[in-house]
Amino acid sequence: MSSSPLPQAGTIRTDWTRAEVDALFALPFSELLFQAQLAHRAHFNPAEIQISTLMSVKTGACPEDCSYCPQSSHYDTGVEAEHMAPLEAVVEAARNAKANGATRFCMGAAWRSPKPRQLTRIAQMVRAVADEGLETCATLGMLDREQAEELREAGLDYYNHNLDTSAEHYPEIISTRTYDDRLNTLTAVRDAGLKVCCGGILGMGEARADWAAMLHTLATLPAHPGSVPINQLVKVPGTPLADAADVDPLDFVRVIAVARMLMPAAHVRLSAGRTQMSDELQALCFLAGANSIFYGEQLLTTPNPDSNDDMALLNRLGMRPEAAPAELARSQTAG
Ligand code: SAM
Ligand code: DTB
Ligand code: SF4
């Protein structure tokens, strides 16, 4: 165990050193979870879980070669390419999501980056979803500052763009865009005044050092992301990572706890991969500081747990969905 003193749990810092991150990973499991809970409670009610619902608004035929992704045109995964979803279908899905308790609606598109006509249509979707009284999020690939501003003007709250893994492991996973491309998109999004949703995937053949490096990069950005999705790889047949080795579930919990310690005021989302997790493992993730989930039967192209089962799990744990942010509640009563 490290002999250096532990950082004050809950303090928001962007000057974490890599040695501090490594020391957190080296803590005994019980000490790490205890510290993560202190950090969590400094900023959140630990009984509340933020609920986001995903919709794929443009599926498949993506030109990028991300080795984990069922939507890449480089791999034969059986995902059928679709045209963009019509606006009415998006509004209907958003209404359903809200009726089921979601406060955020995230629209995903299988693009390298959006073309001007595509961005115009996404902006219409964002406006319509915001009018339903939901927080809005989009994940459309790389953006420049102008594109990010167009989305903000349409009412977008969050932009999701993941680092996915460490800078060192990244070239093993994707060749068609660089780590710096990703960091540049995050800068454009932040500078345009959008909130950042950024995290990664565990289970792509990486080592603990890669988790530490990725979390260190996230926690030393000029500002912490508002949301940090931690995905467990969904192994899709046909992708190069279909047979990747499983992550030790306790290591998955460790990553959640370290993310919570490093970025104490962020929503840390237990994201893809929950269909492979027991209720007990999910409960441990919540104890480690995860306080957000994707809710609804589908992620983008792969399954997510049944919504009734998710609500039953929250009930068994005495937990409940987090209320919508106050600004949203006000705009709804006003309008
Ligand atoms: N095409 C856009 C992009 O990559 O920026 C947006 C959509 S993309 C599907 C969004 C994120 O989903 C990826 O960055 C990755 O982190 C996650 N993802 C994709 N396939 C996954 C899988 N099989 N398992 C876990 N996460 C996955
Ligand atoms: C994120 O970090 N995970 C979500 C969301 N952001 C866009 C996507 C998970 C996708 C899992 C594979 C699929 O369903 O296609
Ligand atoms: Fe395309 Fe995004 Fe999938 Fe990469 S993760 S192949 S960019 S849809």
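If you count the sequence shown from 1, you need to add 80 to reach our numbering.
By construction, the Cβ of each residue, glycine as well, lies at the ideal position given by its N, Cα and C atoms.
Would you mind sorting residue i into buried or exposed? The rule is 16 or more other CB atoms within 10 Å of its CB.
i	result
residue 197	exposed
residue 396	exposed
residue 286	buried
residue 138	buried
residue 127	exposed
residue 240	buried
residue 383	exposed
residue 125	exposed
residue 99	exposed
residue 330	exposed
residue 302	exposed
residue 255	exposed
residue 258	exposed
residue 317	exposed
residue 244	buried
residue 312	buried
residue 166	exposed
residue 406	exposed
residue 404	buried
residue 169	exposed
Compute the Euclidean distance between the alpha carbons of residue i and residue j, then round it to the nearest angstrom.
i	j	result
residue 203	residue 402	26 Å
residue 93	residue 299	8 Å
residue 117	residue 156	43 Å
residue 209	residue 175	8 Å
residue 251	residue 148	13 Å
residue 321	residue 389	28 Å
residue 340	residue 283	19 Å
residue 195	residue 201	10 Å
residue 364	residue 392	16 Å
residue 162	residue 110	47 Å
residue 333	residue 310	10 Å
residue 355	residue 385	5 Å
residue 319	residue 150	6 Å
residue 186	residue 380	10 Å
residue 158	residue 377	19 Å
residue 265	residue 272	11 Å
residue 315	residue 218	23 Å
residue 143	residue 192	7 Å
residue 352	residue 326	14 Å
residue 88	residue 297	20 Å
residue 29	residue 290	An answer regarding residue 29 cannot be provided, because it is not within the stretch 81 to 415 covered by the chain.
residue 132	residue 97	32 Å
residue 178	residue 119	29 Å
residue 375	residue 95	33 Å
residue 113	residue 232	37 Å
residue 338	residue 288	12 Å
residue 183	residue 387	15 Å
residue 146	residue 253	6 Å
residue 260	residue 323	28 Å
residue 270	residue 242	14 Å
residue 295	residue 214	29 Å
residue 328	residue 394	24 Å
Beta-carbon within less than 7 Å of residue i's beta-carbon, same chain only, minus the 5 sequence neighbours each way: which residues are those?
i	result
residue 173	135
residue 307	238, 277, 346, 347, 349, 372
residue 226	none
residue 293	246, 247, 248
residue 263	none
residue 199	227, 230
residue 416	No answer is possible for residue 416: the residues shown for the chain start at 81 and end at 415.
Using a Cβ-Cβ cutoff of less than 8 Å, which residues in the same chain neighbour residue i once the five nearest sequence positions on both sides are dropped?
i	result
residue 123	90, 344, 345
residue 336	116, 310, 348, 350, 365, 368, 369, 370
residue 121	90
residue 274	228, 231, 232, 236, 237, 238, 239
residue 164	137, 138, 189, 198, 201
Spatial neighbours of residue i within its chain, please: C-beta separation below 6 Å, excluding the five flanking residues on both sides.
i	result
residue 81	A caution first: residue 81 carries a pLDDT of 46, below 50, which makes its placement in the model unreliable, though a value can still be read off. Result list for residue 81: empty, nothing under 6 Å.
residue 268	223, 224, 225, 228
residue 189	137, 138, 220
residue 399	127, 129
residue 171	208
residue 141	153, 161
residue 304	343, 346
residue 181	131, 401
residue 280	242, 243, 244, 245, 294
Worksheet item: Which runs of the alpha helix (DSSP H) fall wholly inside the segment 98-155 and span at least 4 residues, in chain order?
Response: Correct list: 98-106, 109-123.
Worksheet item: On the three-pair Cβ rule with 8 Å, is the segment 98-108 touching the segment 348-365?
Response: no
Practice prompt. Note down, one range per segment and in chain order, each alpha helix (DSSP H) of at least 4 residues found wholly within the segment 240-303.
Written response: The DSSP assignment places complete alpha helix (DSSP H) segments of no fewer than 4 residues inside the segment 240-303 at 259-271, 288-299, in order along the chain.
Worksheet entry | Complete runs of the alpha helix (DSSP H) confined to the segment 295-369 [at least 4 residues] | 329-342, 359-367
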